[in-house]
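Residue 3 is where the sequence shown starts when you use our numbering, and the numbers rise one by one after that. Reading through the structure tokens given below for one structure.
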Amino acid sequence: MAPEDWPNLKAARNRANSLIRKFNLTPPVDVKTLLLERAQVEYVDWPHQCDAVTVLSEDPPRVFVRDGLPPLRERFTLAHELAHISLAWHIGTVNCQVDPALIDSELPVTPAAGTQEREANEFASRLLAPDHWLRPLVKGLSSFERSVMQLTLDNLTRAEMSAQAGLIALSRHLLPGHAFIIDQNFATSRGTMRPGNSPLSDAEIAQYLEQSVAVEEFSHQGRTVLWALTDDSSFPSGRYQWQSDDTRTPHQVLISCCSRVFGEDSAQAKAWSINGVVGGMTNTSEMDWHEEAIISVVRQRISNTAELREILSDPEFLLYLQKRARAIVLKRANPSK
Ligand SMILES: [Zn+2]
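See the structure below:
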């Protein structure tokens with residue numbers, strides 16, 4: 003399930019943001035105190051794999067945390083349990099194993115429990131690395147400058163998250179094209195080609211780096227991190243030469259594309275689906291969108307949507323995207339119009 007089609011994921015994010023505003027929190031967020039104010043917390047030594055168990059039916063809720071977790075994983079786990087307590091629709095007893103590789107996965111592991119786990123991770127990530135704190139750190143970071151990224155990573159350590167959890171949070175604010183590889187795991191910004199599924203094989207990593215435009219290596223929180231800038235080379239590139247007398251609206255251009263590719267009968271319905279994809283993606287993200295970023299993200303999403311993918315073959319589709327992206331950027335600059 004894509005984040006833009008997942009209202010409870012957005013609600014989890016908003017809940018974390020409102021806690022941050024209410025208590026004026028900045029990194030490192032004292033998550034333990036926040037949790038202790040709302041729950042009975044007990045550390046337990048147990049043999050099973052679970053990181054924590056929260057019993058939401060008790061008042062106050064009871065949280066059992068596995069004793070001896072590495073400190074940064076413990077912090078994320080406490081924030082994750084705080085999520086189950088703070089999100090009213092999470093009920094019953096939850097067994098949590100916080101896998102850093104799945105923090106931002108778009109597909110829940112299992113339908114019911116997986117959905118809530120993903121929502122709790124979203125909350126935890128936004129609480130420990132607040133949007134209002136991260137956004138200015140990466141504003142305009144689109145070029146490939148090693149010193150700027152080094153400074154950003156140094157700042158990121160203040161959030162006291164694991165290297166991977168921190169990079170996933172950072173990636174949310176980066177424009178398309180950025181990927182980080184941390185051992186066999188990775189984090190990519192939206193609209194960026196993914197290297198595969200975690201854990202990555204050496205061959206997958208090598209192939210991904212081979213295709214990248216540039217790669218830099220960093221030592222970050224004791225881990226080796228590769229930062230790769232990728233290029234969306236599977237699509238025709240370059241700007242469509244737009245005729246100056248072409249006064250068609252984006253929607254009119256889209257309808258012509260859809261008629262050619264899908265036939266007159268289904269053109270309207272397909273056009274609305276594509277419109278929905280563009281609107282959903284650009285509405286829900288907090289990024290500073292510019293035209294190229296919108297085009298890249300939308301193309302990536304459509305190429306992953308089997309029933310719409312064929313539209314990418316139409317030569318005028320890029321014209322539609324450019325017109326639509328321009329309209330979105332203008333509207334964001336002048337929201338009243
Ligand atoms: Zn959980």
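Heads up, the beta-carbon is just placed ideally off N, CA and C, and yes, glycines get one too.
Any heavy atom of ligand 1 closer than 7 Å to the beta-carbon of V46?
For ligand 1, not one heavy atom lies less than 7 Å from the Cβ of V46.
Under a three-way DSSP split, which group does S268 fall into?
Correct three-state label for S268: helix.
Could you tell me the boundaries of the alpha helix (DSSP H) in which I297 lies?
I297 -> alpha helix (DSSP H) spans E293 to S305.
Take the Cβ of I276 as the centre, count every other Cβ of all protein chains shown within 10 Å, and call the residue buried at 16 or more, exposed below.
Buried, because 16 or more other Cβ atoms sit within 10 Å of the Cβ of I276.
Going by other Cβ atoms of all chains shown within 10 Å of its Cβ, with 16 needed for buried, is D316 buried or exposed?
Flag for D316 reads buried.
Taking its Cβ as the centre, do 16 or more other Cβ atoms sit within 10 Å of F25, making it buried, or is it exposed?
That one is exposed.
Output the residue ranges of the alpha helix (DSSP H) runs that lie fully inside the segment 23-94 and measure 4 residues or longer, sorted by chain position.
Runs of the alpha helix (DSSP H) inside the segment 23-94: 33-38 and 73-88.
When we look at the beta-carbon of G70 and count the other beta-carbons within 10 Å, is it buried (16 or more) or exposed?
Label assigned to G70: exposed.
Based on the DSSP secondary-structure assignment, which residues constitute the bridge partners of I184?
DSSP, once it has assigned bridges, lists N187 and V227 as partnering I184.
If we ignore side chains and look at the alpha-carbon of each, how far apart do F319 and C259 end up?
Those two C-alpha atoms are separated by around 6 Å.
Of the residues H175, H180, F188 and E147, which one's Cα is nearest the Cα of S164?
Nearest option by C-alpha distance: F188.
Closest by CA to T35, which one among A13, R77 and W48?
T35 has its Cα closest to that of R77, out of A13, R77 and W48.
Per DSSP, S261 is paired with what?
DSSP lists no partner for S261.
Check whether the segment 41-61 touches the segment 86-103, counting contact only when three or more Cβ pairs, one atom from each stretch, lie closer than 8 Å.
They touch, by the three-pair rule.
Report the rounded CA-to-CA distance for L84 versus A18, giving the unit in angstroms.
If you take the alpha carbons of L84 and A18, they lie about 10 Å apart.
Given a cut-off of 8 Å, decide if L202 and F182 are closer than it, judged by their beta-carbon atoms.
Not closer than 8 Å, so no.
Is it the case that the Cβ atoms of A216 and L231 are separated by a distance below 8 Å?
Their beta carbons are under 8 Å apart, which means A216 touches L231 by this criterion.
In three-state terms, what does DSSP make of V215?
Of the three classes helix, strand and coil, the one that applies to V215 here is coil, per DSSP.
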